[in-house]
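Protein chains in written order, with our numbering: chain G, 1 to 360; chain U, 1 to 201.
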């Protein structure tokens, strides 16, 4: 390269940086002017409001809903409103439009006093309590259960222990066979000492979880979005949606210590769940006891729970009526994307609709 | 007053002053010797008593911090190596002329893809996970010693210690579980009763 080439290159870079800086400043001013970002805006009644937990009942969007209600069990990581992040990509709205009677558990924010909560408490105490509330409110003997990610794993545990109360089980990216998990998260979780972490911190601090997320797709999802943000800062809708996702990403509550210990030790390190050796208090979680209709959804590009980790569920249960679908999207894309609105919700709804009546 | 009288007074005063000073010196000397046996009150007493334990925890905390820093060096060495390797690959793959928009976009894409691949390979490696695990361990251990220090001080201040609070939490959880068992049992009993009534009717 000649000295003129270098000088041109330098000039181009400087011009680019100047434009980028202008964009950053514009975006920053715009972000401030937006004020609070609304998430989880689908109207709902609060059926139960405890110290930290809530049960939401969404207002129906059709005149007559399908009789069997749908209870959504979200993960203990991040917040339930991932399923209702923005109106046009809201999974909750999608299911309401399809005629479902939707309930959702908001796990809230565990306090230091909650550090001794275990999966036994979450599954056999809280989910069971909410299932009973939904059964009472709907007048149905059984409910359909939808679990997402860690919530999927908890739904599977629940279905195994309380199959008499679950009509249909629909899970999205549950952690089942952790040994087969090929994600960075799976790798790291096999090398951390949860006992030490919990004994010292009590509940797992959100900062620890942020650190784990940030190394998952550091450039494609981390750096790139911040590089591209200033270029689209003039687009109001884009900025609002960007901030919604940012809010959700960095709004993780702590995880109850004992639950996290079981999550890492029993599920990731010892892989007890798929071996049918996981115990909640004195109750053995045997996946073979799951005999209700099962619909398992996984994403090809899931960087949090790899498909290989979820798929074994389909082959471990006793259910004869079961479906497994692999979609060409990512972990969040399964629920909060245009793709999910156009492709996943119609298929899931069709499957679930057929099974949301008491024919038998 | 005669000159003799004035001299005598002067001597008397200076002797009195000397006596006072001597008695204070004696008192101070006595106090100095007696200090350790004077019963101190309040938190200071405990702090003095526990100073060995406090120092030991401080020393351990510093030791953990130094181990943490050692791991941090290894951690950054790995990250830097990945960064350098990714940069080298980007340089090899990218066009030199980036004056037009198309080539700039191409560089950006290559840069992101290459860095993503290099860093994901790093984060996915056994070696990195081991370093990450150790780094986290030393950080937590450092906090553990700080917590022990606070625990010692809490005792001295007659405040509930972390362990005491934890035992209250455990007890509350136990009571909650017991309550759930009792309410389940009551429900079962009442359902049984309902069934019995249904049989009678």
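We put the CB at the ideal spot given by N, CA and C, even for glycine.
query = Per DSSP, what kind of secondary structure is residue 87 of chain U in: helix, strand or coil?
reply = Sequence index remark: in the second chain, residue 87 of chain U carries index 87 (1-based). DSSP places residue 87 of chain U in helix when its eight states are reduced to three.
Contacts of residue 62 of chain U in chain G (Cβ-Cβ under 9 Å) = As a working note, residue 62 of chain U is residue 62 in the second chain. The premise fails here: residue 62 of chain U is roughly 17 Å from chain G at the closest Cβ pair, so nothing lies under 9 Å.
message = Would the stretch 177-186 of chain G count as touching the stretch 156-164 of chain G if we require 3 or more Cβ pairs under 8 Å?
response = no
query = Does any C-beta atom of chain U lie closer than 9 Å to the C-beta of residue 134 of chain G?
reply = Along the first chain, one-based indexing puts residue 134 of chain G at 134. It does not; no Cβ of chain U falls within 9 Å.
inquiry  = Between residue 129 of chain U and chain G, is any beta-carbon pair separated by less than 9 Å?
reply    = Numbered from its first residue, the second chain carries residue 129 of chain U at position 129. Closer than 9 Å: yes.
task = Could I get the ranges of all uninterrupted beta strand (DSSP E) runs contained in the stretch 297-357 of chain G, with 3 residues as the minimum, in chain order?
result = 322-327
ask   = Which whole runs of the beta strand (DSSP E) in the stretch 63-147 of chain G are 3 residues long or more, in chain order?
value = 70-73, 102-106
message = If we define contact as Cβ-Cβ less than 9 Å, is residue 211 of chain U a contact residue for chain G?
response = Absent from the model: residue 211 of chain U. The displayed extent of chain U is 1 to 201, so no value can be given.
inquiry  = Check whether the stretch 10-30 of chain G and the stretch 97-108 of chain G are in contact - that is, three or more C-beta pairs closer than 8 Å.
reply    = no
task = Return the first residue and the last residue of the alpha helix (DSSP H) that residue 259 of chain G is part of.
result = Translated into positions along the first chain, residue 259 of chain G becomes position 259. Start and end: 257-262.
request  = For my contact list, residue 151 of chain U and residue 163 of chain U are in at a C-beta cut-off of 8 Å; report their separation, rounded to the angstrom.
outcome  = Here residue 151 of chain U is taken as the residue at index 151 of the second chain, counted from 1. Here residue 163 of chain U is taken as the residue at index 163 of the second chain, counted from 1. Their Cβ separation, rounded to whole angstroms, is 7 Å, which keeps residue 151 of chain U and residue 163 of chain U in contact under 8 Å.
ask   = According to a CB-to-CB cut-off of less than 7 Å, which residues of the stretch 94-126 of chain G neighbour chain U?
value = 113, 115, 116, 125
Buried or exposed by the 16-neighbour rule on C-beta atoms within 10 Å, applied to residue 111 of chain U = What you label residue 111 of chain U is simply residue 111 of the second chain in a count that begins at 1. That one is buried.
request  = Note down the Cα distance separating residue 311 of chain G from residue 105 of chain U, rounded to an integer number of angstroms.
outcome  = For the purposes of this step, residue 311 of chain G is taken as the residue at position 311 of the first chain. For the purposes of this step, residue 105 of chain U is taken as the residue at position 105 of the second chain. Cα to Cα, residue 311 of chain G sits roughly 38 Å from residue 105 of chain U.
request  = Rounded to whole angstroms, what's the CA-CA distance from residue 316 of chain G to residue 180 of chain U? Just pull it up for me.
outcome  = Within the first chain, the letter at position 316 stands for residue 316 of chain G. Within the second chain, the letter at position 180 stands for residue 180 of chain U. Approximately 31 Å, taken between the alpha carbons.
task = Report yes if the CB atom of residue 299 of chain G is closer than 9 Å to the CB atom of residue 160 of chain G, and no otherwise.
result = Counted from its first residue, the first chain places residue 299 of chain G at position 299. Counted from its first residue, the first chain places residue 160 of chain G at position 160. Result no, Cβ atoms of residue 299 of chain G and residue 160 of chain G do not sit closer than 9 Å.
request  = Output the boundary residues of the beta strand (DSSP E) element that contains residue 44 of chain G.
outcome  = Working through the first chain from its first residue, we reach residue 44 of chain G at position 44. 44-49 is the extent of the beta strand (DSSP E) around residue 44 of chain G.
ask   = Going along the chain, which residues of its own chain have a beta-carbon closer than 6 Å to the beta-carbon of residue 22 of chain U, five neighbours each way excluded?
value = The residue given as residue 22 of chain U occupies position 22 in the second chain. Correct list: empty, nothing qualifies.
Same chain, Cβ closer than 6 Å to residue 9 of chain G, five either side skipped, listed in chain order = On the first chain, position 9 is the one that residue 9 of chain G refers to. Result list for residue 9 of chain G: empty, nothing under 6 Å.
task = May I ask you to verify whether the stretch 188-198 of chain G touches the stretch 61-75 of chain U, counting CB pairs closer than 8 Å and requiring at least 3?
result = no
query = residue 231 of chain G touches chain U at which residues, Cβ-Cβ below 9 Å?
reply = Locating residue 231 of chain G in the first chain gives position 231, where the first residue counts as 1. Residues of chain U passing the Cβ test: none, with the nearest at roughly 11 Å.
query = Closer than 8 Å: is that where the CB of residue 147 of chain U sits relative to any heavy atom of the ligand GDP?
reply = This structure simply doesn't include the ligand GDP, nor any ligand for that matter.
key: residue 270 of chain G, DSSP secondary structure in three states   = The residue you call residue 270 of chain G lines up with position 270 of the first chain. Residue state, collapsed to three classes: coil.
ask   = To which residues does DSSP link residue 172 of chain G through a beta bridge?
value = In the first chain, residue 172 of chain G corresponds to position 172, counting from 1. Answer by DSSP bridge pairing, in chain order: G:148, G:297.
message = Tell me the DSSP secondary structure of residue 216 of chain G in three-state form.
response = For the purposes of this step, residue 216 of chain G is taken as the residue at position 216 of the first chain. Residue 216 of chain G: coil per DSSP, three-state reduction.
ask   = Relative to the alpha-carbon of residue 43 of chain G, which residue among G:7, G:81, G:50 has its alpha-carbon at the smallest distance?
value = In the first chain, the residue the question calls residue 43 of chain G occupies position 43. Among G:7, G:81, G:50, the Cα nearest to that of residue 43 of chain G is on G:81.
request  = Determine the closest residue to residue 52 of chain G out of G:211, G:79, G:152, G:72, with distance taken between C-alpha atoms.
outcome  = In the first chain, residue 52 of chain G corresponds to position 52, counting from 1. Closest by alpha carbon: G:79.
task = Using alpha carbons as the reference points, say which of G:50, G:39, G:92 lies closest to residue 340 of chain G.
result = In the first chain, residue 340 of chain G corresponds to position 340, counting from 1. With distances taken between Cα atoms, residue 340 of chain G lies closest to G:92.
Whole alpha helix (DSSP H) elements within the stretch 55-138 of chain U, 4-residue minimum = 101-123
request  = Going by CA-CA distance only, name the one from G:94, G:47, G:207, G:149 that's closest to residue 132 of chain G.
outcome  = Within the first chain, residue 132 of chain G is the residue found at index 132, counting from 1. Here the closest residue by C-alpha is G:47.
query = What are the partner residues of residue 278 of chain G, as DSSP defines its beta bridges?
reply = One-based indexing of the first chain puts residue 278 of chain G at position 278. Bridge partners of residue 278 of chain G: G:285.
task = Consider the Cβ of residue 80 of chain U: report whether some Cβ of chain G lies at a distance smaller than 9 Å.
result = On the second chain, position 80 is the one that residue 80 of chain U refers to. False, the Cβ-Cβ gap to chain G never drops below 9 Å.
request  = Pair every Cβ in the stretch 274-287 of chain G with every Cβ in the stretch 238-251 of chain G, then say whether three or more of these pairs are closer than 8 Å.
outcome  = no
key: residue 18 of chain G in three-state terms, based on DSSP   = Working through the first chain from its first residue, we reach residue 18 of chain G at position 18. Helix, per DSSP.
message = Below 9 Å on C-beta distance, what does residue 143 of chain U contact in chain G?
response = Your numbering for residue 143 of chain U matches position 143 in the second chain. Correct list: 200, 201.
task = Could you tell me which residues DSSP pairs with residue 57 of chain G in its beta bridges?
result = Here residue 57 of chain G refers to the residue found at position 57 when the first chain is read from its first residue. DSSP lists G:45, G:103 as partners of residue 57 of chain G.
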